[in-house]
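Below: one structure, written as structure tokens.
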Amino acid sequence: MLGQFLLLYAGIAGPQLPSLVRDDPWSAGIARGLVFLLVAMSIGITIVFRRQIRGARRYLEAVGNR
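Counting from 96, one number per residue, gives the positions in the sequence shown under this note's numbering.
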């Protein structure tokens, strides 16, 4: 699930990369803001997903040791 999420965000941010270096400050600013937002959200969601995965593994280990 984490891999699919990261690929989705990469697919959204990928088409914005050429807009990052344009001379037009308006479109470049919007693209930079969108890419920054996507990177920040993907970092935050990755932390949350990894924490949930660790908790699920600990739970399965505790249940398996009964």
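The beta-carbon is built from N, C-alpha and C at its ideal position, and this holds for glycine as well.
inquiry  = Looking at glutamine 111: is its Cβ nearer than 8 angstroms to the Cβ of valine 130?
reply    = In this structure, valine 130 lies closer than 8 angstroms to glutamine 111 by Cβ.
query = Between alanine 105 and serine 114, which are expected to be in contact by the criterion C-beta below 8 angstroms, what is the C-beta distance as a whole number of angstroms?
reply = Going by Cβ atoms, the distance from alanine 105 to serine 114 rounds to 16 angstroms, so no, they are not a contact pair.
key: Cβ-based burial, alanine 126 [other Cβ within 10 Å; buried from 16]   = Counting Cβ neighbours within 10 Å, alanine 126 comes out buried, since at least 16 surround it.
request  = For serine 137, I'd like the list of residues in its chain whose CB is within less than 8 angstroms of its CB, leaving aside the five on either flank, ordered along the chain.
outcome  = Only Phe100, Leu101 and Tyr104 meet the Cβ criterion.
inquiry  = Assuming contact is defined by CB atoms lying nearer than 8 angstroms, are alanine 108 and leucine 133 in contact in what I supplied?
reply    = For alanine 108 and leucine 133, yes; Cβs fall inside 8 angstroms.
key: Chain-order list of residues whose beta-carbon lies under 6 angstroms from that of phenylalanine 144 (same chain, five-residue window excluded)   = Counting only Cβ-Cβ distances below 6 angstroms, and skipping sequence neighbours, we find Leu97.
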